[in-house]
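S.K.:
Chains as they are written, first to last, in our numbering: chain A, 8 to 306; chain B, 1451 to 1828.
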């Protein structure tokens, strides 16, 4: 099976007549995703790629059951599109938009607190349940059905890891990018919780990078809550960590966010860290062979 | 986008925040007039976008006009770390009684603005944060409701602000938050906030970082920005480029991939010449812009183009051909490992490329190893 999306999931595309919306709604539909409708204000009543277009999300909801939405509008308009999806009660909102102002993201996250919607992104490559569903950039041929769950801070590395696993004969349950922006919705902790509860996920791969504190929080969560083996990778050893935001940045982040902080956190929680991305398939195989025993669980 | 001190102070002035009397100069000819205006005791400050500017020698104090002129002349045009000093701010020297710290920052962990205050402001604030963190107080603000006076009053009372300045500080912090919100800031900071012997508040130094994603609606920021040609190209192409010291150029299909490319090159003993992520705009010829930038550098011994993408590799491949055709002087070995959407089409396009020093490699690690080897032969 999978987490969040499967072959039953009915997807709506917000911004379907734009360059990205038009291209990726077709690519996702061709892969097998049930793309039931699109939204483009002023273009209601038309069709694109044989998908009916509505003026609003609520308009589409009158005619279709909708489980998930993907937002393909430019950054300046993304906040309103996200608000529209949240207000329409869409269960899973996927937001690949790159370039949303941080203030807008704060307001989106604030609005989500008062809703039941799950928000993936912004700046996510999307989500794939191999064989049945893609929403977003994910190139389908990198993936194959199986039991490895992948959550990643990078789109391109998700495809790379998916492809390395696929070549090694190891399939994936669901792979998703949590988004490259500093403020995101569905994070590593939520992904870990879903994968832990998914009967068809047996190993979890986290693709991490420098900056922020997702990894530090994930390590604590894994130690206390995850029984399945988790394998991690951290990119950015050589990169200069993000722009330091004056004194205030140093005051609130301390030493968090550096490559060393992250690798130390994982190691002290006995969570294996792959040195090279190409080591991941062997480490996954090793974890599967060991069965469900997980050395990092202390409870 | 990080603003320069004088630009921030200009915004402060518009919002009614008291700043020291000052004159901005960018030419040697204006130094004498500026010094004349400020008087005997002055502070001369290099306008460069760097932290710890004072410790790097970018701030000078003088007691006489002659001394001020001498110092200003020496500072203007000099280099501080990687920056050339193109402008100075000549300010009155304040009669300092106390120094406080104030800032509003985007707290990405709590996903909300955060106000930070301390009654121990000044150049050693980061040291204070480490040694006596209890002297620095923080307040998370609900972005929906904003910041209220009672919250500020509570915060600064706890922080030990003197009672004589409480009312003024409430107003000041409210204004600071307003600037943060209205100008799409990631950070706005006053350090130190000086309380003079007369009991006046003055923002002696000021920092501001504006969210790059919000520049489209902060029109006046565009005119404050000074971008060089490369930065302009990077921005209009919507790619990310950070030059580094090494000699192996890198293009990745996303920020994660570009970082891994750097890590791999280092792993195999090479030195990366840059970080470059063309991922966000491969479909709209971001790769072409990226290649043009790297091909202009004369210090590259080899180039690695490595990635896996959901964007269109056929467009990427045509960009490589076009960039090579337009830069006939390029001789360096180029290692290409491109996988993802439309990769067969891309390989078809690249097979017909006339450039001879091109090396295709499907293996992830081997591509990095190969580019390091090839760079050594150059």
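Built from N, CA and C at the ideal position, the CB exists for glycine as well.
1. Does the beta carbon of residue 163/A come closer than 8 angstroms to any beta carbon on chain B?
2. Whole beta strand (DSSP E) runs in the stretch 1603-1654 of chain B with 3 or more residues, listed along the chain?
3. Taking only runs that begin and end inside the stretch 1678-1735 of chain B, name each unbroken alpha helix (DSSP H) of 4 or more residues, in chain order.
4. What three-state label does DSSP hand residue 1483/B in the structure shown?
5. May I ask you to list, following chain order, the residues of the stretch 1742-1770 of chain B that have a beta carbon less than 9 angstroms from some beta carbon of chain A?
6. Which residues, in order along the stretch 280-293 of chain A, keep a beta-carbon less than 9 angstroms from a beta-carbon of chain B?
7. Between the stretch 1694-1705 of chain B and chain A, which residues of the former have a C-beta closer than 9 angstroms to a C-beta of the latter?
8. Residues in the same chain with beta-carbon distance under 7 angstroms from residue 1490/B, minus the five sequence neighbours each way, listed in chain order, please.
9. What residues from chain B crowd round residue 106/A, counting only those whose CB sits closer than 7 angstroms?
10. Between the alpha carbons of residue 21/A and residue 185/A, how many angstroms are there, rounded?
11. Would residue 246/A count as contacting chain B if we go by Cβ distances under 8 angstroms?
12. Extract the residue ranges of the alpha helix (DSSP H) inside the stretch 197-250 of chain A, only unbroken runs of 4 or more that lie entirely within it.
13. Taking only runs of the alpha helix (DSSP H) that begin and end inside the stretch 119-203 of chain A, which ones reach a length of at least 4 residues, in chain order?
14. Taking Cβ-Cβ distances below 7 angstroms as the criterion, which residues of the stretch 107-120 of chain A are in contact with chain B?
15. Between which two residues does the beta strand (DSSP E) carrying residue 1788/B extend?
16. Roughly how many whole angstroms lie between the Cα atoms of residue 1535/B and residue 1520/B?
17. Given that residue 149/A touches chain B, what residues does it touch there, using C-beta distances under 9 angstroms?
18. Would residue 99/A and residue 75/A be called neighbours here (beta carbons separated by less than 8 angstroms)?
19. DSSP state of residue 1797/B, grouped into three classes?
20. For the putative contact between residue 1510/B and residue 1525/B, defined by C-beta atoms under 8 angstroms, what is the C-beta separation to the nearest angstrom?
21. Out of 1652/B, 1482/B, 1737/B and 1547/B, which has the shortest C-alpha to C-alpha gap to residue 1518/B?
22. Taking a Cβ distance cut-off of 7 angstroms, strictly less, list which residues of the stretch 1724-1742 of chain B are near chain A, in chain order.
23. So is residue 1710/B in contact with chain A if we call contact Cβ pairs under 8 angstroms?
24. Give the C-beta separation of residue 79/A and residue 103/A to the nearest angstrom, bearing in mind that I take them to be a contact with Cβ-Cβ under 8 angstroms.
25. Alpha helix (DSSP H) containing residue 68/A: first to last residue?
26. Could you tell me how far apart the beta carbons of residue 1703/B and residue 1732/B are, in whole angstroms, since I believe they sit closer than 8 angstroms?
27. Does residue 1556/B have its Cβ less than 8 angstroms from a Cβ in chain A?
28. Please list, in chain order, the chain B residues whose beta carbon lies closer than 8 angstroms to that of residue 195/A.
29. Let's test the definition: count the other Cβ atoms within 10 Å of the Cβ of residue 1486/B and tell me whether it reaches 16, buried, or not, exposed.
30. Just checking my contact of residue 215/A with residue 193/A at CB under 8 angstroms: how many whole Å lie between their CB atoms?
31. If you run the structure through DSSP and keep just helix, strand and coil, what is residue 1596/B?
32. What does residue 1758/B pair with, by DSSP beta-bridge criteria?
33. Excluding the 5 residues flanking residue 1753/B on each side, which residues of the same chain have their C-beta closer than 8 angstroms to its C-beta?
34. Taking DSSP as the reference, what is the three-state secondary structure of residue 1559/B?
35. I need the straight-line Cα distance from residue 51/A to residue 207/A, nearest angstrom please.
36. In chain A, which residues lie less than 8 angstroms from residue 1716/B when you measure between Cβ atoms?
M.R.: Looking at the coordinates:
1. At least one chain B Cβ lies under 8 angstroms of residue 163/A.
2. With a minimum length of 3 residues, the continuous beta strand (DSSP E) runs that stay inside the stretch 1603-1654 of chain B are 1635-1646 and 1651-1653.
3. If one requires a minimum length of 4 residues, the alpha helix (DSSP H) runs lying completely within the stretch 1678-1735 of chain B are 1679-1687 and 1705-1717, in chain order.
4. In the displayed model, residue 1483/B falls within a helix according to three-state DSSP.
5. Here the close residues are 1757, 1758, 1759, 1760, 1761 and 1762.
6. Residues of the stretch 280-293 of chain A with a Cβ closer than 9 angstroms to any Cβ of chain B, in chain order: 282, 283, 284 and 285.
7. So the list reads 1694, 1702, 1703, 1704 and 1705, given in the order they occur along the chain.
8. Excluding sequence positions up to five before and after residue 1490/B, its CB lies within less than 7 angstroms of the CB of 1513, 1514 and 1515, all in the same chain and listed in chain order.
9. Under the 7 angstroms cutoff, chain B gives 1663.
10. Those two C-alpha atoms are separated by around 19 angstroms.
11. Yes, residue 246/A counts as interfacial toward chain B.
12. The stretch 197-250 of chain A contains these whole alpha helix (DSSP H) runs: 221-232.
13. Within the stretch 119-203 of chain A, the complete alpha helix (DSSP H) segments at least 4 residues long are 162-174, listed from N- to C-terminus.
14. So the close ones are 107, 108, 109, 110, 113, 114, 116 and 117.
15. Looking at the DSSP string, the run of the beta strand (DSSP E) that includes residue 1788/B is 1784-1790.
16. Their Cα atoms are separated by approximately 15 angstroms.
17. Neighbours of residue 149/A on chain B, chain order: 1758, 1760, 1789 and 1790.
18. Yes.
19. It is helical.
20. Contact between residue 1510/B and residue 1525/B holds: their C-beta atoms lie close to 6 angstroms from each other, under 8 angstroms.
21. Minimum Cα distance to residue 1518/B is reached at 1482/B.
22. Taking 7 angstroms as the cut-off between beta carbons, the residues of the stretch 1724-1742 of chain B near chain A are 1725, 1729 and 1730, in sequence order.
23. Judged by the 8 angstroms Cβ criterion, residue 1710/B is in contact with chain A.
24. Yes, residue 79/A and residue 103/A are in contact; Cβ-Cβ is about 7 angstroms, under 8 angstroms.
25. Unbroken alpha helix (DSSP H) run through residue 68/A: 64-70.
26. Right, the Cβ-Cβ distance comes to about 7 angstroms (below 8 angstroms), so this counts as a contact.
27. At a cut-off of 8 angstroms between beta carbons, residue 1556/B contacts chain A.
28. The contacting residues do not exist; residue 195/A stays about 13 angstroms from chain B at best.
29. By the neighbour-count rule (16 or more Cβ atoms within 10 Å), residue 1486/B is not buried but exposed.
30. Not really, about 15 angstroms apart at Cβ, beyond 8 angstroms.
31. Residue 1596/B falls in the coil class under three-state DSSP.
32. Note: residue 1758/B sits in a beta bridge opposite 1789/B.
33. Around residue 1753/B, the same chain offers 1698, 1699, 1700, 1701, 1744, 1782, 1783, 1784, 1785 and 1821 as residues with beta carbons nearer than 8 angstroms, after the five sequence neighbours per side are excluded.
34. Three-state result, residue 1559/B: coil.
35. Between the alpha carbons of residue 51/A and residue 207/A lies a gap of roughly 40 angstroms.
36. Going along chain A in sequence order, the residues near residue 1716/B (Cβ under 8 angstroms) are 244 and 245.
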